[in-house]
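The sequence shown begins at 249 in our numbering and counts up by one.
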Amino acid sequence: MIFPITDLLDEQDSGAWVEKYFHPQGLRCPRCAAPREQAREFRRHKRGGVDYRCYTCQRTYNLYTGTLFAGSNWEPRRVVLLGRGVCKGEPATVLAEELALSRQCGSRWRKRLQANGYVMLSAKALPDRDTETDEMFQNAGEKRRETCRSA
Ligand SMILES: [Zn+2]
């Protein structure tokens with residue numbers, strides 16, 4: 249059974265969460281770095297997204313400008329659920345069903361998020377000497393070696 253989890257998440261809370269994680273310094277104009285307070289609402293989308301227009305340089309931007317989701321019209325709650333599902337290692341079929349996507353689309357978004365994660369991965373060694381192998385390969389898409397079992 250698939251729960252209607254997408255419908256149960258609050259759109260505003262999800263938007264605030266996306267902004268916090270996608271724009272840790274706050275949503276700003278991508279051209280002149282003016283804060284959102286120095287922009288006006290330019291356009292509202294059917295699905296609830298808002299485009300802002302910077303007072304200083306007239307550039308339009310939104311919550312997803314400069315992110316992996318730029319150009320998409322995803323509702324923030326769907327972005328939250330996609331990120332959650334990928335972090336949990338949900339199969340693409342489950343992601344697709346929860347987010348009302350085709351299986352190919354779910355798989356494609358999953359790969360994009362994972363590839364983006366690799367790009368942003370630190371080159372430094374892990375600080376913990378006791379890091380478990382599972383932590384290192386979680387969601388990496390790599391297959392684990394067969395477990396040795398005694399006969
Ligand atoms: Zn600007």
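Just so it is clear, CB atoms sit at the ideal spot from N, CA and C, and this is done for glycine as well.
Taking 7 angstroms as the limit, tell me which residues put their C-beta closer than that to any heavy atom of ligand 1, in chain order. Those satisfying the condition are, in chain order, 277, 279, 280, 282, 302, 304, 305 and 307.
Could you tell me which of 284, 272 and 361 sits nearest to residue 310, measuring between CA atoms? Residue 284 is the option with its Cα nearest to residue 310.
Check whether the Cβ atoms of residue 257 and residue 328 sit closer than 9 angstroms, and answer yes or no. Taking 9 angstroms as the cut-off, the beta carbon of residue 257 is found closer than this to the beta carbon of residue 328.
Endpoints, the beta strand (DSSP E) within which residue 276 is located: Annotation for residue 276: no beta strand (DSSP E) segment contains it, and DSSP assigns it neither H nor E.
Verify whether the separation of the beta carbon atoms of residue 305 and residue 279 is less than 9 angstroms. The Cβ atoms of residue 305 and residue 279 lie closer than 9 angstroms to each other.
C-alpha distance - residue 314 paired with residue 376, whole-angstrom precision: The alpha-carbon atoms of residue 314 and residue 376 are separated by roughly 32 angstroms.
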